[in-house]
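Chains as they are written, first to last, in my numbering: chain A, 1 to 198; chain B, 1001 to 1443.
Just so it is clear, CB atoms sit at the ideal spot from N, CA and C, and this is done for glycine as well.
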Amino acid sequence: MRFVRNLIPLSVVLALGAGLACKQPEPPKPVEQPKPVVPAGPTQEEIDAQKRAAEEAARRKAEAEAEAARKAAEAAAAEKAAAYKRAAEAALKNINFEFDKSDIREADKAKLQAIADFMKAYPQAKVQVAGHCDERGTVEYNLALGERRAHAAQAYLVGLGVAQDRLTTISFGKEKPLVQGKDEKSWMENRRDEFQLQ
Amino acid sequence: MTVPGWLGNVVGRALLGLILLSAPSGAQAPQGQEIVLETTQGARLAIAVPRPAVSGVNEGKVSTDFHAVLQRDLSDSGKFAVLKDGLPSATDPSSFKAWSDAGAEWLLAANVNATSEGIEVVVQVSDVKTGQDRKARTAVFSKRYTGKEAALRRMAHKLADDLVARLTGQAGVAGTSIVFVRQVGPGIKEIYQMDRDGANVAPLTAYRSLTISPSVAPDGRLAFVTYKGGGPEIWGQRTPGGAMVRLYPLSGKVDGHCFCPMWSPDGRRLAFTQGDRRGNTDIMVLDLHSGKVRQLTNSNCLNTDPSWNPTGTQLAFTSDKDGTPQVYLMEEDGSNVRRLTREGNYNGSPAWSPGGTMIAYVSRFEGKFDLFVYKLADGKSYQVTTGVASSESPSWSPDESRIVFSSGSRGGMQLYSTDLSGSTLRKLTELDGCQSPKWTRSR
């Protein structure tokens, strides 16, 4: 609109000039005049919009980069957690006991060493040792025997260098059998310590 | 104290010929399945209990909920022999000679009538022998019971207890209850209660957790162990009928795990078992009023399973201090520890009799557990059950005439009761996974 408004006075000047004299050969300035015609100078709004767009693009890029970094970190953390879990699963195997006994069997010492190694490799690991019994024997005495079995493994692990406060104990007596069979193999499976990450 | 049917000449591990058999699967006998019929009437009084005369009440219900219950109660009391064979067809109490000829000493005549409030049961018991002489004919017992129809079972229990009291001077136990543990899911056990004969089973806890080892105070307060907070804690009631609260440990801090709460006879103290930092367990006593705890045992072994004597001055308990689990006695301050059981390499679950003269326990022999009773005056043990399955967790009836216990295979554990001779065995439950029964008069 401004363009149009500028043109109108210009044409009036030209008409007047032509009629008055030839003395003035100077080329009409009007050519200069239209400078403002140069389309454009972006308006303030346009400048703002461009700025916003640039900022938006930069922001998106940064976001994408951050997201990628976050995903990478998450994946790394997940892998680390999975490795922790795998290591825990590999290490935390049940150990078993003879009837009415709580002595660590020779055969189970390697298992306890693996648990100690795992706990040293993962200082964040805290483990609950749960003592269990087979179905034979009284409810109440087996609860006490389960206590002793849990403490036997705890003491052995402390002896291997695991801090005692990283190992809690609990006894379930004969209240939570692993298997239901009524043969020595089933009973042996039920006379156990279970190790669970806390 | 008298022990009907007690075979005093049987010592040590002599067998009484009672074989505890598994019930046939699918058996529809939720209450009192009689496996071995009573064979001797001995000191029992022979009573005839003809079918009651019924007016305005469902006869089938009277038959099952009153007549059958009453006969079983009287028989279970150990004081009566209920005549079952060769009875006169006539129920006319006036034909006393026929009843006497059939072997009856007492004749129970009952009328069950509808009333405006519910029902009434009018009972008259006659001495049949003296009754034959019209001049001497007198009722030895007469009473009227009233209630709703739903109370028929309770009325039968009350009548049976009244008749036992009339005969012996001591209250019967037909109306008593049994608190026990029932498995309701994998790793989930709750405390339940039922009538002494197995009827009216109802839950007392619903923690959806491992909840075990109930004990009942003389005023009915419960104590038990629950793992609902993760580890085992002792919960129960501070007031009769009150809410279940944690009784021990008093704060959240646990020094050692707690098991096996057992109310003292005065209901003021709880004996229990507590683990130490080395995996040993000791007997402790908590005074509920002061909150003070006293340690009774302090040895490098497992001590557990406390059971008070009826005066609260001594405790029986299980310890492996000599290498294998055995039953010991001690004073309530932990002094004077002496070993009770000498035979076998696994004895446990002592239960001091209400009269104080006997201790029931379980003993492992040839791979399974059976019930034994140690008679303190004799210094000897008597075998009560001889099972193909393991029997566990004995608890005395309040009149110490019978013992309730659990027996069967794992998962299929059921509750039974037996007299001390082992001659009348009753299966009380058909609810797989029952354990740790406690017989009580107070709930």
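Residues of the segment 1325-1356 of chain B whose Cβ lies closer than 8 Å to any Cβ of chain A, in chain order: Pro1325, Tyr1346, Gly1348 and Ser1349. For Glu98(A) against Ser1213(B), the beta-carbon gap comes to about 26 Å, at or over 8 Å, which does not count as contact. When CB distances to chain B are screened at a threshold of 7 Å, not a single residue of the segment 118-131 of chain A falls below it.
Gln124(A) sits in coil when the DSSP states are folded into three classes, being neither helix nor strand. Arg86(A) and Thr1311(B) have their C-alpha atoms roughly 58 Å apart. Approximately 7 Å separates the beta-carbon atoms of Ile1234(B) and Leu1270(B); this is inside 8 Å, confirming the contact. Residues of the same chain with a CB within less than 6 Å of the CB of Ser186(A), apart from the 5 flanking positions on each side, are Val179 in chain order. By the neighbour-count definition (other C-beta atoms within 10 Å, threshold 16), Gly1060(B) is an exposed residue.
In the structure shown, the three-state DSSP call for Leu1296(B) is coil. Per DSSP, Tyr141(A) lies in no beta strand (DSSP E) segment; the continuous alpha helix (DSSP H) that holds it begins and ends at Val139 to Gly159. At a C-beta separation below 8 Å, Lys1189(B) has these neighbours in chain A: Glu175. Interface residue (Cβ-Cβ distance to chain B less than 9 Å): Ile170(A) is classified as such. With respect to the 9 Å criterion, Val1327(B) and Trp1263(B) are not classified as neighbours on the basis of their beta carbons. Within 7 Å of the CB of Gly1275(B), the CB atoms of chain A belong to Glu147, in sequence order along the chain. Taking 3 residues as the minimum length, the beta strand (DSSP E) runs contained wholly in the segment 1062-1101 of chain B are 1080-1082, in order along the chain.
Under the 9 Å criterion on CB atoms, His1257(B) is classed as interfacial with respect to chain A. In the DSSP assignment, Ile1119(B) falls within the unbroken beta strand (DSSP E) covering Ile1119 to Asp1127. Within the segment 1360-1385 of chain B, contact with chain A at the beta-carbon level (separation under 7 Å) is assigned to Val1362. Going by beta carbons, Lys1079(B) and Arg1044(B) fall inside the 9 Å limit. With a threshold of 9 Å between beta carbons, Gln196(A) makes no contact with chain B. Classified as exposed, Asp165(A) has fewer than 16 neighbouring CB atoms from the shown chains inside 10 Å of its CB. Within 10 angstroms of the beta-carbon of Thr1176(B) lie 16 or more other beta-carbons, which makes it buried. Less than 9 Å divides the Cβ of Asp193(A) from the Cβ of Gly131(A). Counting other Cβ atoms within 10 Å of its Cβ, Leu167(A) reaches 16 or more and is therefore classed as buried.
Listed by position along chain B, the residues whose Cβ is nearer than 9 Å to that of Tyr141(A) are Leu1302, Thr1304, Asp1305, Thr1318, Asp1320, Pro1325, Tyr1346, Gly1348 and Ser1349. CA-CA distance, Val1069(B) to Val1082(B), rounds to 12 Å. Bridge pairing for Gly1220(B): absent [DSSP].
Annotation: Cβ neighbours of Ala152(A) in chain B (cutoff 9 Å, chain order): Gly1279. Assigned with DSSP and collapsed to three states, Ser186(A) falls in helix.
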